[in-house]
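Report on the following structure.
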Amino acid sequence: MKISLLSIILVIILCIRDTICGRLFGEGFIPTNYYENQQQVQQREVIKAAIQKLNNAPEWVSNWPNPNTKLGQVSGLALDNDGRLLVFHRVNNVWDETTFNERNVYNFIGTPAIKEPTILVLNDTGEVVDEWGQDLFFMPHGITVDKEDNVWVTDVAMHQVLKFSPNNREKPALVLGSKFIPGEDDTHFCKPSAVAVLPNGDFFVADGYCNHRIVKFSKDGNIILQWGTSHGSTNFRFNVPHALTLAEDRGLVCVADRERGRVACFRHDNGSYVSSYSNWLIGGRIFSVAYAPVHGGRLYVVNGPTGAVPVRGYVIDFESGRLIQTFSPDDGLRNPHDIVVTPDGVSVYVAELSPFKVHKFMDETLRNESLSIEKTHVKPTATVEVVGGAAGAGGGGAWEWWSGAAGGAGGAAAAALLALAALALLRARNTGRKVATRRRWEYGHGEFKLRRLLERRRFTRVHSDDSDEEPAPMLPHTSPANA
Ligand SMILES: *[C@@H]1O[C@H](CO)[C@@H](O)[C@H](O)[C@H]1NC(C)=O
Ligand SMILES: *[C@@H]1O[C@H](CO)[C@@H](O)[C@H](O)[C@H]1NC(C)=O
Ligand SMILES: *[C@@H]1O[C@H](CO)[C@@H](O)[C@H](O)[C@H]1NC(C)=O
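Residue numbers (mature numbering (1 follows the signal peptide of the UniProt record, and there is no 0)): -21 to -1, 1 to 462.
Quick look at the structure:
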């Protein structure tokens, strides 16, 4: 009995691995609406209605940047102190399932670094006014600029964080991590994703795809503090801490905890947990976050392809945790990877991994905001603090958001809403399982297909451009210090 079951499973696995069989069950064979049932049609309607209730802002700026700007996968964005945009891109390099081996080591050590400039500097009108970063990087990821105009980047292939001073763009002034050697200690990172620098020069590194920690360094590169863990239902659990932003007026550093679909904020002096943000409409993946101290503080986020929710930009009121705005280019977002906002909130920029794009959005109503004393008061709800695992985040978010934004909706809407909360809860639970599935199947090509098939069955609307996303995180190692 057991043996026959095993062999059936084996046959199925072999069958799916095989290309002929794969074609039978493969993506081309399944009608697009095959798994769509009544529930999902309803869900789509609810999503559409929820988006329409939000303010559509900031507004997309068409034809920006100059269409002659040549880009590869755009992984990171930063604003310098003159308000110019730094675009960190991978030119012809692409991160896919062949990029790293199963021990997270870059598979192309020995090939030369990217020969073309990986950092483009764009001015307000979208013209390239400077470019550099050639012969230095292999797989660009995060970028930021500090108050002294030092540029900080992470390269996931090198497992390093590099700092470049304004007067030398060829040799880094500071290098952290060991080149091409992944690890998790004081001298090693594993695919570090982002850096954030405090005004006093102390800085944070999000580490990263295979580790689960935020590390705080002093200006000269010594570790002061670190926190994060790979497991448990705690606010310190990370599943790909993917981007960082500082809310300096609040003394916080906020993390886009990508695969948990949340933004988590911590005190930047001692790493104490303060608040989390998630929402059913944003879904289970948040790729990046930026903060602007306008209207009492706003978080700008981009989500990633997952489930039924659309990929968009969202603005969250920091105090109440409510979604207040949503934005998207006219032809939509597919794989947004990073977001930055000017301190006045007027200009927002979004990087896309694929298609290779940078978008600009503007909110002119905020232009004179810093001069005005009047503040819009948003009544706080309980969304800000989300305790517990992802399930709580999804379900709770659904309820809270609606109780605020639905306003005068009738009883029918309330009933639909309850159903939706249950759905979100279910989905969030599934997300947990999905991660486990991913880990088992992420190695190699054939297995990749099976993973996608499994996900497709469970989640119905898996985007066909799934392969363009960066691979899911590798297996967790030992838990880091200071959980
Ligand atoms: C941006 O650079 C272009 C080319 O150098 C220049 O023509 C344009 O005026 C600049 N725009 C701004 C806002 O400085
Ligand atoms: C961090 O500082 C705050 C304020 O002093 C304090 O309440 C909190 O307990 C501290 N957390 C840790 C982990 O030391
Ligand atoms: C902002 O202030 C400037 C100068 O006071 C004024 O000319 C402009 O119309 C204002 N813009 C908005 C959007 O209120």
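For glycine and all other residues, C-beta sits at the position ideal for the given N, C-alpha and C. All figures in this text were calculated on a predicted structure; none of them were measured in a lab.
- Take residue 80, set aside five residues on each side of it, and the residues of its chain with a beta-carbon closer than 7 Å to its own are 86, in chain order.
- For residue 192, the enclosing beta strand (DSSP E) has its first and last residue at 192 to 196.
- Close CB contacts of residue 196 within its chain, under the 8 Å cut and outside five residues either way in sequence, are with 155, 181, 182, 183, 184, 202, 203 (chain order).
- Collapsing the DSSP output to three states places residue 52 in coil.
- Here residue 127 is exposed, its C-beta having fewer than 16 other C-beta atoms within 10 Å.
- Less than 7 Å divides the Cβ of residue 169 from the Cβ of residue 161.
- When DSSP states are grouped into helix, strand and coil, residue 295 belongs to the strand group.
- Between the alpha carbons of residue 94 and residue 115 lies a gap of roughly 8 Å.
- In terms of side-chain proximity, the C-beta atom of residue 71 is found no nearer than 6 Å to any non-hydrogen atom of ligand 1.
- Just measuring C-alpha positions, the residue of 104, 75, 174, 109 sitting nearest residue 136 is 75.
- In this structure, the C-beta of residue 299 stays at least 6 Å away from each heavy atom of ligand 2.
- Counted as a single uninterrupted DSSP element, the beta strand (DSSP E) harbouring residue 38 occupies residues 38 to 40.
- With a minimum length of 3 residues, the unbroken runs of beta strand (DSSP E) contained wholly in the region 269 to 349 fall at 277 to 282, 292 to 296, 302 to 306, 315 to 320, 326 to 331, 336 to 341.
- In the DSSP assignment, residue 106 falls outside any alpha helix (DSSP H), carrying neither H nor E.
- Looking from the CA of residue 260, the closest CA among 344, 280, 68 belongs to 280.
- Ranked by how close their Cα comes to the Cα of residue 65, the residues 77, 45, 110, 194 have 110 in first place.
- Buried is the label assigned to residue 133, since at least 16 other Cβ atoms lie within 10 Å of its Cβ.
- The C-beta distance from residue 324 to residue 348 rounds to 7 Å, short enough to fall under 8 Å.
- Taking C-alpha positions only, residue 228 is separated from residue 306 by approximately 25 Å.
- Straight-line measurement puts the Cα of residue 212 at about 25 Å from the Cα of residue 287.
- Proximity of the beta carbon of residue 249 to ligand 2 is indicated: a heavy atom of the ligand is located closer than 6 Å.
- Contact residues of ligand 1 (beta-carbon closer than 5 Å to any heavy atom; chain order) are 102, 103, 104, 106.
- Around the beta carbon of residue 88, fewer than 16 other beta carbons sit within 10 angstroms, so the residue counts as exposed.
- Spanning the alpha carbons of residue 346 and residue 165 requires a straight line of approximately 43 Å.
- Assignment of residue 128 by DSSP, reduced to helix, strand and coil, places it in the coil class.
- As the crow flies, the alpha-carbon of residue 344 is around 17 Å from that of residue 295.
- With fewer than 16 other beta carbons inside 10 angstroms of its own, residue 246 counts as exposed.
- Annotated as distal: residue 240 and residue 207, with beta-carbon spacing of 7 Å or more.
- Three or more Cβ pairs closer than 8 Å define a contact, and the region 322 to 342 meets that threshold against the region 32 to 48.
- A Cβ-Cβ contact shorter than 7 Å links residue 171 with residue 140.
- By the C-beta density criterion, residue 339 is buried, having at least 16 other C-beta atoms within 10 angstroms.
- Residue 224 and residue 19 have their C-alpha atoms roughly 35 Å apart.
- Taking 7 Å as the cut-off, the Cβ atoms of residue 269 and residue 277 do not count as close.
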